[in-house]
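Since the structure comes first, as C-alpha cells, the remarks are kept for the end.
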Amino acid sequence: MADDGDEEELSIDFSKLLSIFSGKKKKKKSSKLSKLRNTTITAHSEEHEGEEPEGASERIAGGRLHKHKKRKAHDEVSIDFKAIGQFLLKYKTVILLLIPLILCVYLRMIPADAPYTEEWARTSVADYYKSQIRAQINEQYPNLPDANKNALVEEEFQRLQKGQGQTMDQQIKQTADYYRSVLQDENGNYYMPDIDPYYWFRYAKNILEHGHPGDILKVNPADGKTYPYDNHQLAPLGRPVSSDMFHSYFLANFYRVIHIFNSNLDLMRSMFYYPVLISALSIIPIFFITRRIAGDIGGFLAATMVAINPSLLGRTLLGHADSDAFVVFFPIMITWLFFEALETRKTWVRIALSALAGLFTGLYSLAWSGWSYIYDFLLISALIYAAGVLVLYRDRLIAGRFKAIKRRILHLATVVLAFVASSGVFVSIFRDTYTFIRNPIQLLGFTQLKVPVRPNLWPNVLTTVAELNPGSLDQIINSVGGQFLFSIAIVGIVAILTSEERKERDFWFIIASLFYLGLAQAVFKPNELGLVNFFAIYTLPVIVKAILVLKDKERGTDIKAAALITMWFMGTVYASTKGIRFTVLLVPAFSIAFGSALGVTHSYVSNIVSRELNINRWLTTALLIFLLSLAFFFPRNIYRDSVNIAANDVPIVNDAWYNALTKIRENSSEDAIISSWWDFGHHFKALADRPVTFDGTTQDYPQAHWIGRMLVTSDEDQAVGILRMLDCGGNTAFDELERIVNDTPKSVKILYQVIEPHEREAAKAVLNRNGLTDEQADKVLQYTHCKPPEAFVIASDDMISKSGVWAHFGSWDFERAAIWQFLRNKPEDEAIAYMVERFNYSREHAEDMYYQVKAIKSDGEANTWVAPWPSYASGLSSCTKTGDILSCGNGVVVNLTTQDAYFDTPQGRLRPRVYAYATKDGMSLREYNESVLTTQDGRELGVTLFPKDGTYQSLLSSYQLAGGMFTRMFYMEGHGLRHFKLLGHERSAVGTEVYVWRVDWEGSEMNTLPDLLKMSGAWKAADGDSVSLNYIGYLDNGTVFDSTIKGWSPLGVTKDNNFEDFEYEPFSFRLGEGRVIPGFEDAVRGMMVNETKTVRIPPEEAYGVDTQHPLSNKSLNFKISVVAIDGFD
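Take the sequence shown: its position 201, counted from the start at 1, is 201 in the working numbering, and no numbers get skipped.
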C-alpha cells in the first residue's frame, strides 16, 4: 500500500506554471511507459533473504512528484505562489479530508428549514391567482377553447407577477411559514421526520428519566435480578426491552453533552444532529483506508462518494435518528483498525489496534443484530491473505526457506487472534457469549426474510416490509450511482491488485478491464442475467487479475484488501437481492473500490501526462482531480440526486398526527391501548404515551392477522371480539387453545367462533362443543372475555395505500398455509388423504388444491395463493342523480329503487362481486355471482355507496373491502357502527387525515351519516346547513305579506292554504350566516325535511321597532315547511 505520509516531500515550481502561460518553452525529456513512476523503492533482493520490509505493499505514490530546480518568480508577480504551494502541500491531506467532511455536513443539513415548503407555497399562490384569472376569463369568454384560455391565463399571470411581484413574494413567504408551522410543534421545532427514530426516542427518554430504557423494572424469578420492561409494546402484556440498546444510551448521553452547551435544546431536537455527526465521522476512516491503497486522491474521492451517495444520504439526513449511521460507521471503523493493525510493525501497537477493533465489534453488536457480517468478512479475508502468502512464496516454501512466510503468517496470526479474542470478550460483555458464537455462523439468515409462511403457519409479515423487499440488480446498481460508477468500482478491485512490478501491464489491464465492463453493460442487462451469471461476468477482470498475481508471484500486491473489498462488495450485493435495505451496507465497500480505481488511475495518468507530454505535474494533478471528480456529475449527476433527496425530505409526522395523539393522551387512562396497522406504532407510543397492539419491532407477531381481519371484516361483532381478545391478552388466547387442540387451522377457526359472542357463557359453550373442559375453557376465556381497558382505533389516509398489505394478512387462509407448508412435497395420495381427513374436503376439492399448490413456482406466488391482496381501486367518486338512477364518475351505475349496481361495458352489463350501500339501519351488502367485473390482475371488484357532502359518493375496491370496517371508519364517518365513537378527526395542509375512534365495549346508539339523516328526513337543521323551504308570512290580523308560492298575491293565498296546492319556488339559505331575520333563523334551526310549523316572531327578533322598514314594530307570523337540507329532500 502507498502511504503518502512516507513519500518524499512534494515541491511544485510555480514559476514553471507561469512559464507555461507566458509561452516560454523548455526542453522535452524522453521517457518510457516502463518508467511511469520515478520512485525509489527500498527492498531487499532475494539474494539478501529476498524479504520485503513490513508494509511492502506500500506501492502507489499517490501524487508523488519530482523536485525541480527553483526559478526566480517573475518580477511582475507579487503573490508568493511558492509559499502557497508549500502550504497546500504541507496540509494537502487535511484539506482533502476537510472537503468531503464539509460536503457531508452541508448535504445533511439541507432539510433544516424545510426548503420544499417554499416550492409548495409558490405553487399554492400561483394556483390561487391563476384560478381567479381563469374564472374571469370563463365569465368573459365562455366559448373560448381551453388551449386559448390556458394561454390567456399564463399571459395574465405573467403580467400580474410583474405588477404585483412584491405582494406575491410576501404571500409566498407567509404561505411557506404556514406550511412550516404544520410540521412544527408548539415551540417551533420540527417533528422528527421518520418512523423508527421515535422508537429510540422513547427509550432514550426513559434512560434520562429512569436510568434504564424500560418503562418499569421487573424481577426475573429465576435469578432474582431486575430487568427493564417495555409495557407499551404488545399491549397489554408488554415485553422485556431488547438488548440492542446502544443507540438509545448513545442518544441519551449525546443529549447530556449537547445540553451543556445549549440548555434550550430538548432530547428530540438533539437527536436531529446525531446522524450528521456520525456520518461525518465515517468519512475519516474511509479516507485513510483508501489513502493506504491509492494515495490522497483515492482517499479524497472515496470519502466524497460516502459523503454524497444518495442511498446512504437518504438514511442519514438531519433528523433521521435511526441507527443506520452507526450501521455504516462501525464496520468502517473496525476495518480501518484491523488494516492498520496489519500494517504496523510494532507488536504492542498491532495488538492494541486489534483489541480496539474488537471493542468496536462489541459495540457494533449492541447497535445492530447484523453486526457479524464484517467480522466474518475480515476473518475470511485474513484466511485468503494467508493462503495468498503461501502461494506467492511457494518457491521458498518448496526450498525450505520459511523466514519470510513465517514472519508474515505470525504477523497475521497476532492480529487475527487479538481481534477474535477481544471481539469475543466485548461481545460477551455487551451481549452474551451465545451471541458471539451464534451470529457469525448465521450469516445467511436474511435469506429467510421472504418465506411467505412461518413454520407455525402464521404469515411472515416481513415479506411486505418495504425496506426488506427483494432488490433487483438494476435497483442495487442504481443505488450506488448507476452502471458506469459500478463498473469503476469493479475496476477499483482490480486496481487494488496492481503491484510495483510490470507497471505497464497493470496499467493496460486496468484500461482493458474498464473497456470489458463497458462492453458487458452494452450487451447484458443485469436483471436478465441472474445473480450467478452477473457475478461471473462482472467479476471476471478481478478473477483474471488475481490469477495473474498468484501466477507471477507479485508479492507487492495487497491481497487482504482486495479480498475484503471483493467479499464486502459482492456479499452486500447478494444481501440486497434479499432485502433492498442492505444497499446501505454496500456504500463503504463501493466507495473504497471507487476511490481506489480513480486514485490508482490518477497515479498512472499523471506520470504519463507530466513526463510524456512534458506538462507541469502540479497542473496535471489539479486537472486530473477535476476530471476524475466529474464522475460525480456524469453520466449520472449523483450530487444533484442527493441535493434533491435532501431538499424534499418531508416529515411523516405533522400537526394532524400530533394533535390526534395528544387528544388520546389527554382523554384516556395510562393503560388505554391503541390499535392500528403497525407502521406508525412508534409514533403512537412516543407521542400519545399509550401502549399499542403491535409496532415496527413486533410486526411479525400474530397480531398482524388479527388487526388485518379487524380492518377488513364488515362484521362489527367480529371486529369488537378481535379487539377485546387482543386487549385482554394479545395472542395468548390462541396459544392456550393451541396447547389443547394442537392444530393451528382448527384453533383459529374455533377462536373466531369464540370471540364473536359478547356473553362469556355463550363463548364457553362454543369451547365445550369443541371438546374443551370447563377448566380448559376458562383458561382461554380469560384472554377473550375479560373486562378490557380503554381502547382506541386509528384509521388514517396512509392506510389506504397499505390496504393490500393489511387486508392480505387479515385474509390469511390457515388451511392453505398448511397445505403449502406441509403437503406440497408430499405424494399425491398422502396429501389428498390428509386434506380429506384434516380439513373435511371432498376428494375432488382436495385434488384441485393439490394441483394448485404443485403449480406454484415461487414464494411470491405462494403468498398470493394462500391469501389475496385486497386493496382500494380508486378514491371517492361523486355521482349524478337522474330520477332514481345514479351515474358515478368511476363508471358505477345504481338504481336507487331496486338497489341494483352495475357497469355498462363493451362486454355488456357487468356487476360488482359485492355492492355495499348505506341505509338508515346501517349497511346492506348484496352479492352477485354472475357477470362479475374483474380487473386485469383478476381481482373481483366491490362497490360501496353512501351519501356525503351533499351528494352520493361511490368507492371501488376489491370486494373484500366493500362495506368493511376501515371503509366505514375512514370514508363513512363510522356509519352503522355502535361500538366505535369518534374522539377526533384531524387534517393537515400537507394531506394527512386521521380518524381516532374510541371503542365502546357495550355498544350504544348507532353512528349515522349526517347526509343520510338529511336524505331520510331525520336530520335536524343546524348552523352550516343549506336549507330549502317554503313559507307564508302574515301579520296578526291575517294579512299575508310574503310567500314562496308563485303569484301569492293575485291568488289570494291565506295562512290556511297548503303549499302542495300551488306552484312554489323554495327559498334557500345557509343557517348561521345571518342572511334572514334572527327570529326566522331560530325557527328553522332544528326542523327536519317535510316538517311544517307555524311561529310568531316579535318585533325585536324581526325588523325591529325603530327602523323605516314597512314591517318594523310588528310581530310577524310564518308558516314554514322544510323541503330539503343540503340538497337532500
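We put the CB at the ideal spot given by N, CA and C, even for glycine. Only a predicted model underlies this, so the values are computations on that prediction, with no experimental measurement involved.
For the stretch 782-837, which segments carrying the alpha helix (DSSP H) assignment without a break, of at least 4 residues, lie completely within its bounds, in sequence order?
Listed in chain order, they are 798-801, 803-810 and 814-818.
Straight-line CA distance for alanine 807 to glutamine 960?
The alpha-carbon atoms of alanine 807 and glutamine 960 are separated by roughly 8 angstroms.
Give me the residue from Val306, Ala321 and Thr316 with the minimum Cα distance to isoleucine 332.
Nearest C-alpha to isoleucine 332: Val306.
Counting Cβ pairs closer than 8 angstroms, one from the stretch 921-936 and one from the stretch 825-838, do we hit at least three?
Too few Cβ pairs lie closer than 8 angstroms, so no.
Is it a yes or a no for the stretch 386-394 touching the stretch 329-348, going by three-plus beta-carbon pairs under 8 angstroms?
With a cut-off of 8 angstroms, the stretch 329-348 and the stretch 386-394 do not count as touching, because too few Cβ pairs lie within range.
Decide if proline 1110 is buried, meaning its Cβ has at least 16 other Cβ atoms within 10 Å, or exposed.
When all chains shown are included, proline 1110 counts as exposed.
Return the CA-CA distance between tyrosine 902 and glycine 721, expressed in angstroms with no decimal places.
Each residue's alpha carbon lies about 34 angstroms from the other.
State buried or exposed for glycine 1047, treating a residue as buried only when at least 16 other CB atoms are found within 10 Å of its CB.
Looking at its Cβ environment, which holds fewer than 16 other Cβ atoms inside 10 Å, glycine 1047 is exposed.
From this set, Ala495, Met192, Ser181 and Phe507, which residue's C-alpha is nearest arginine 292's C-alpha?
For arginine 292, the nearest C-alpha among the options comes from Ala495.
Mind checking who methionine 923 pairs with in its DSSP beta bridge?
DSSP, once it has assigned bridges, lists Ala918 as partnering methionine 923.
How about the stretch 1006-1013 and the stretch 972-988: do they share at least three Cβ pairs that are nearer than 8 angstroms?
Enough Cβ pairs lie closer than 8 angstroms, so yes.
Take aspartate 655 and list the residues in its own chain whose beta-carbon comes closer than 7 angstroms to its own, dropping the five residues that flank it on each side.
If we look at aspartate 655 and ignore the five residues flanking it on each side, its Cβ neighbours are Val182 and Ser988.
Alpha carbon to alpha carbon, what distance is there between valine 427 and threonine 433?
Rounded to the nearest angstrom, the two C-alpha atoms are 7 angstroms apart.
Measuring CA to CA, which of Leu517, Gly295 and Ile755 is closest to threonine 601?
Checked all of Leu517, Gly295 and Ile755; the closest Cα to threonine 601 is Gly295.
Any chance the stretch 478-495 sits against the stretch 881-893, with 3 or more Cβ pairs inside 8 angstroms?
Contact between the stretch 478-495 and the stretch 881-893 is absent, because fewer than three Cβ pairs lie under 8 angstroms.
Where does aspartate 715 sit, in a helix, a strand or coil, going by DSSP?
Three-state DSSP puts aspartate 715 in coil, outside helix and strand.
Contact check, tyrosine 917 vs leucine 945 under 8 angstroms by CB: the rounded distance?
With a Cβ gap of about 4 angstroms, tyrosine 917 and leucine 945 count as contacting.
Buried or exposed for leucine 88, please, with buried defined as at least 16 other CB atoms from any protein chain shown within 10 angstroms of its CB.
Classification of leucine 88: exposed, given that the 10 Å Cβ count is below 16.
If you measure between the beta carbons of valine 1053 and valine 1089, is that distance less than 7 angstroms?
No; because the gap between Cβ atoms is not below 7 angstroms, this pair is not in contact.
Hey, proline 870 and serine 958 are a contact pair by Cβ (cut 8 angstroms); roughly how many whole angstroms apart?
About 3 angstroms separates the two Cβ atoms, so the contact holds.
Please name the residue in Thr175, Ile429 and Gln233 whose C-alpha comes closest to that of lysine 685.
Out of Thr175, Ile429 and Gln233, Gln233 has the C-alpha closest to the C-alpha of lysine 685.
Output needed for serine 30: all residues of its chain with C-beta closer than 7 angstroms, excluding positions within five of it in sequence on either side, in chain order.
Residue confidence is low: serine 30 scores 38 on pLDDT, short of 50, so the model does not pin down where it sits. Its coordinate-derived value is still stated next. Correct list: empty, nothing qualifies.
Which residue's Cα is closest to the Cα of leucine 726: Gly708, Ser423 and Leu1013?
Residue Gly708 is the option with its Cα nearest to leucine 726.
Is the stretch 731-742 in contact with the stretch 689-708, if contact means three or more CB pairs nearer than 8 angstroms?
Judged by Cβ distances under 8 angstroms, the stretch 731-742 makes contact with the stretch 689-708, as three or more pairs qualify.
Which stretch, first to last residue, makes up the beta strand (DSSP E) that contains aspartate 80?
Careful: aspartate 80 lies outside any beta strand (DSSP E) and carries neither H nor E.
Return the CA-CA distance between threonine 784 and glutamate 1073, expressed in angstroms with no decimal places.
If you take the alpha carbons of threonine 784 and glutamate 1073, they lie about 51 angstroms apart.
What are the residues that DSSP puts in a beta bridge with glycine 895?
Looking at the sequence itself, residue 895 is asparagine, so the reference to glycine does not match. Ile885 and Asp900.
Identify every residue that forms a DSSP beta bridge with histidine 985.
DSSP output for histidine 985 lists Tyr995 as bridge partner(s).
Does the stretch 618-638 come within contact of the stretch 476-485, defined as at least 3 CB pairs closer than 8 angstroms?
Taking 8 angstroms as the limit for Cβ pairs, the verdict is that the stretch 476-485 does touch the stretch 618-638.
Am I right that tryptophan 997 and arginine 724 are in contact with their C-beta atoms under 8 angstroms? What's the rounded C-beta distance?
No, tryptophan 997 and arginine 724 are not in contact; Cβ-Cβ is about 15 angstroms, not under 8 angstroms.
So for lysine 1119, helix, strand or coil by DSSP?
Note: lysine 1119 maps to strand in three-state DSSP.
Should alanine 593 and alanine 489 be called a contact, given that it needs their Cβ atoms to be closer than 7 angstroms?
The answer is yes: Cβ separation under 7 angstroms.
What residue does the beta strand (DSSP E) around glutamine 164 start on, and which one ends it?
Unbroken run through glutamine 164 is the alpha helix (DSSP H), 146-182; no beta strand (DSSP E).
Which residue marks the beginning of the beta strand (DSSP E) containing leucine 1111, and which one marks its end?
Neither: leucine 1111 is in no beta strand (DSSP E) and is coded neither H nor E.
Would you tell me roughly how many angstroms separate the C-alpha atoms of isoleucine 286 and phenylalanine 326, rounded to the nearest one?
Distance between the alpha carbons of isoleucine 286 and phenylalanine 326 is about 14 angstroms.
So the alpha helix (DSSP H) lysine 553 belongs to, where does it begin and stop?
First-last for lysine 553: undefined, no H or E at that position.
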